[in-house]
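When you number the sequence shown by the UniProt record's numbering, it's gap-free, plus one each residue, and the end is 98.
Glycine is no exception: its CB is placed at the ideal position from the N, C-alpha and C atoms.
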Amino acid sequence: MRWIDYVVQAMENLGGEAAYSDLYTEIEALKGGNLTKSWKATVRNTVESYSSDSDNWTPSRDDLFYSVDGKGSGRWALRNFEASQVSEPPVDYDGADK
């Protein structure tokens, strides 16, 4: 997987919005500890290069993230995130009137 894949997966796992500190923890779990010394900087660079809210945005890349509390806050969210529906237990309509 690419870094962007890990960042998006981590963000989805965290409900579509997260502070960098939470992203770091989630990505560390996803990657299983196989990390370089500068991996946290790589995470920040990945988020910012995929966000038009950042001065570091690369316009040739998709605009995947937005800054929740404004520049410098360190809190980001997926632009097009829809939380999956919680699955409810099946209802036994046949036995409802018994």
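query	result
Report all residues from its chain with a CB closer than 8 Å to the CB of T25; omit the five preceding and five following residues, and keep chain order.	none
Relative to the alpha-carbon of G32, which residue among D69, Y6, D62, S73 has its alpha-carbon at the smallest distance?	Y6
In the DSSP assignment, find the beta strand (DSSP E) that holds L78 and state where it starts and stops.	75 to 78
Hey, out of E17, A41, W57, whose CA is closest to W76's CA?	E17
Would you check if the distance between the CB atom of W3 and the CB atom of T36 is smaller than 8 Å?	no
Apart from the five residues just before and just after V68, which ones in its own chain have a Cβ nearer than 7 Å to its Cβ?	E17, R75, W76, A77
Between L30 and the rest of its own chain, which residues show a CB-CB distance below 7 Å, the 5 nearest in sequence each way excluded?	Y6, Q9, A10
Would you identify the three-state DSSP class for S38, choosing helix, strand or coil?	coil
Going by alpha carbons, who is nearest to R61 out of D55, R44, S51?	S51
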